């Protein structure tokens with residue numbers, strides 16, 4: 001009988017915890033907006049930091065591929081220097 005009472009108390013506690021969890025999740029958007037209003041710089045930094053995380057699994061667009069290819073060609077051109085000359089960016 002004692003174990004059954006303990007089980008009922010445990011189930012009641014878990015139900016209360018579940019209700020609080022649901023309530024917290026429901027309040028999350030409102031809380032996020034309030035915190036963003038209180039600290040817009042922090043909200044901006046968080047959003048800026050999340051951008052690359054969200055974009056990283058996405059495939060590159062055609063424009064991004066062209067930019068990368070252009071920069072790679074430029075890098076190769078700049079690193080080819082005639083003998084006796086210094087490469088750009090190297091100490092003279």
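Residue numbers (the working numbering): 1 to 92. Glycine residues also receive a C-beta, built at the ideal position from the N, C-alpha and C atoms. Since we're looking at a predicted model, the values are computed, not measured.
DSSP places residue 70 within a helical segment (H, G or I) once states are collapsed to three.
In the structure shown, the three-state DSSP call for residue 52 is helix.
With contacts defined as CB atoms closer than 9 angstroms, residue 36 and residue 28 fail to qualify as a contacting pair. With contacts defined by Cβ atoms closer than 9 angstroms, residue 68 and residue 60 form a contacting pair.
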